[in-house]
Each structure stands twice: as structure tokens, then as C-alpha cells.
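Working notes for the structure below.
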Amino acid sequence: MSSVLNNVLQKLEQKLAEREAQGNLRQLKSTTGLTDFCSNDYLGLARSEQLKELIRQEAEKHRHLPIGATGSRLLSGNHPFMEELEAHIARFHKAEAALLFNSGYAANMGLLSAVPQRGDTIFYDEASHASLKDGIRLSFAKAYPFRHNNVDDLRQKLRLATGQVFVVAESVYSMDGDKAPLQELAQLCQEHRAALIVDEAHAIGLYGSKGEGLTVELGLEQQVFARVLTFGKAMGCHGAAVAGPAVLRDFLINFSRAFIYTTALPAHNLLALKCAYQLLPDLRRERERVNQLATYLYTELNKLNNIRCTPQNSVILSVFLPEAQQLKPLALALQNEGFDIRPVMSPTVPKGSERLRLIVHTFNTQQEIDGLLSAIKRHT
Ligand SMILES: Cc1ncc(COP(=O)(O)O)c(C=O)c1O
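Counting in the numbering used here, the sequence shown runs from 1 upward without gaps.
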């Protein structure tokens, strides 16, 4: 190997060694046969036999469609059924229009890097997902974080605004599972003529009478400028959409590089999504069940002495230990007892807030939750 390549590899190895020394080395892991307390399949749609059957029938009806999209949406990758699906998504979420993206990561990047312009200002919750932060970094607008869920801090920071103001929040935060104060944020945005952007990744499927998300549950769809809907979590599928005004959709088709310069999602992916949307409104009992189980786990976790739990009751719960180094051994001990639980380390979360992230699903049983609680008790 040439010395140039050796140099590059040495630098990479050094970085990896540093990460390993900090106890934060990431490694791919597949677990089979463990009880799922870690996936984002909140409603069990990713494993639903009913959904699989619907998809089979839908695929049969669309046998003529190519396997891959064969190009970007602006070239050979568009198809009328994609636009029909977008219209359905828009109607379902009470938005004027929707535009599909290949993932939530791409949607956040594609939205935030394109819409706020030079001279504009973005204020974003400090706990925002990496995809929102990466989109903001690519934007030419100025950007300021505000303290997590702290509307007063945002109000203070708004004094720094120039140009059009954008405020970015998640309706349900991916790590702590807590909800944003969306009503207060919407009110403040109205006072300051700011455009509110809400990432609904962890809210769709779970909030709203039909699973439309927290924005619809709160009746805020007219006050939120754009929503990012992701389909890899409660929808059990893959991909994402930006929902908002029709002009925003046209703008993204013209200016969002993450939309323009990529091959469109394949047909089978979108047919699966169409079928998941068919089932979603009727999953009321699943939504109730997952919330009941989460409340039970949350209440019982809070009775344990040696751990601290996230402050809000949610299907996403995080458990903190006095020392971050204790997390990996605890996760391993729980995995050895049959529970799929993962630690989340820095830099995915800020130093000092490393945790075990527990996800409750509609398919988890009371017995599994009790088993998990007693295993946590025994190992802490
Ligand atoms: C809040 C939030 N936004 C966006 C994403 C990205 O979505 P996707 O997995 O579809 O890329 C995630 C998922 O990790 C997320 O938690």
C-alpha cells in the first residue's frame, strides 16, 4: 500500500483508538431472539402479518412497476402513484401538500439547507436530532440553539434575529421522549412572525386520533409552517415526507438538493407505505395499549432507587446511572437475560447524558415488562 494511504489509515485508526479509549466505540450488532425494547416499531407495523398481506396484494396490483425507481423524481423516477400517495399523506396530516424524501435524514437536510436563506435566522432546540443540525449547518442562514424546551430562552434569543426567522423543534424528542411545548412555541412564532418547523418523527402513529401526529392532535396545523414526517418508526416502513404549503413543495422540488440529486424511493417501498397509511387510523387500541404499558414501565422505573429516569412519561424512556461506564455492562447483562436494550453514548447524546434508551411497543407484554424491571433491579 502506498505511504499516502498508510498515512490516511493511521489517522483513522488513531481516531478509532481514541474513541475506544473513551468507551464510545460504535459497532454494528445484530440481535435475534431477544425481546424488543429498543426498536422504533412502536405499533408493531414492521412485523404486522396484516400489513405484509396488504402489501402482497398491492404489489400484485402493481406488477408493472419497475423494481427500482430508475432515476430521480425530476427525471425517470416519478410516477402518478407517488403523487397520489403524497396527496393522501397531505390530506391525512391536514396539510396543503406533501413531498416524499428518501429518509427522515434526507428530509431534514433537504428542508433546512434549502429554505432559510442568507440573512435569515434559525433558532433550534439544542436537543434537535443530528439530521436537523446537519441541515442547519448546510444552510447559509445564521443559527442559534435555544435551551431544550425552554420557551423563555427562545424568547430572549429571538432578539438576535435578522431576516425571516425559523424555529425548529421536534414534537417528541428522540432521546428523552418528552414533548415540545408546541402551543407555546406556535404562539411565540406567531408574535414574531417566525416560521415553525416541527419534526414529527416520533409522534406520527402515536398522537392524534388517527395517528396524524402531535401537531394535528393539538390543532396546530395552520400555525406550523412545515412538518417532517418519517416512516421508519411507528409506520414500520421507510422514507419521509415534508408536509406544508403547496408553495413549499414547489420550492423543495426546485431547490432542495437532497430531493433533486438522488434516485427516488422504489415502488415496493411506497406501496408498503400506502398500505401502512391504510391501517394507521384503525390502530386506536394499539395506541392506547402502548401508552398504558409505557405509563406502567415509567411508574415502576421511578420506584427504583439506583437509577434516574427521564422526566416525562412516554413510549421512549431513558435510564441514567451515576457513571456512564456502568451503562454498557448493564445493557450487556440485560441482553444476556433476553432483553434487547442498547446504551446511547456520547457523541450521540451530550457527555453526561449517556443513557439506556428503552422503547415500549404495543406487542410487549406485561410479563416482559415485569421481567425487564426485575432484571434492572437485580443489576443496579
Ligand atoms: C427526530 C428524528 N428526526 C429524523 C430522523 C431520521 O429519520 P430516518 O431514520 O427516516 O432517516 C430520526 C431518526 O433517527 C429522528 O429521531
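Glycine included, each C-beta is placed from N, C-alpha and C at the ideal position.
Residue i: CB within 7 Å of a non-hydrogen atom of ligand 1
i    : result
A276 : no
S2   : no
A98  : no
A201 : yes
E126 : no
E170 : yes
A180 : no
G110 : no
T162 : no
T215 : no
S209 : no
T230 : yes
S256 : no
A240 : yes
G104 : yes
H129 : yes
S174 : yes
Secondary structure of residue i, DSSP reduced to three states
i    : result
D134 : helix
I394 : Outside the modelled stretch of the chain, which goes from 1 to 380, sits residue 394, for which no answer is possible.
F320 : strand
F123 : strand
P145 : strand
L9   : helix
R355 : strand
T262 : coil
G244 : strand
V167 : strand
F37  : coil
Supposed close pair residue i, residue j - CB separation, criterion 8 Å
i    : j    : result
Q164 : D120 : 5 Å
V188 : R155 : Note on identity: in this sequence residue 188 is Leu, with Val being the wrong assignment. Correct: roughly 6 Å between the Cβ atoms.
T220 : L182 : The question names Thr, but residue 220 is Leu in the sequence shown. Yes, they are in contact, since the Cβ atoms of L220 and L182 sit about 6 Å apart, within 8 Å.
T263 : G77  : 6 Å
Neighbour-count burial assignment, residue i, 16 or more Cβ in a 10 Å radius
i    : result
R63  : exposed
A394 : Because the chain here runs from 1 to 380, residue 394 falls outside it and cannot be looked at.
L74  : exposed
I253 : exposed
E84  : exposed
P116 : buried
S171 : buried
Beta-carbon proximity list for residue i, same chain, < 6 Å, skipping 5 on both sides
i    : result
L112 : G135, I136, S139
N313 : T295, Y298
L43  : G205, A234, L283, E286, T362
G208 : V216, E217
8 Å Cβ shell around residue i - same chain, five flanking residues per side excluded
i    : result
G23  : A324, Q325, K328, M345
C237 : L45, A46, F231, N269, A272, L273, A276
S103 : T230, G232, H238, G239, A240
S318 : M175, D176, G177, C309, T310, V344, R355, L356, R357, L358
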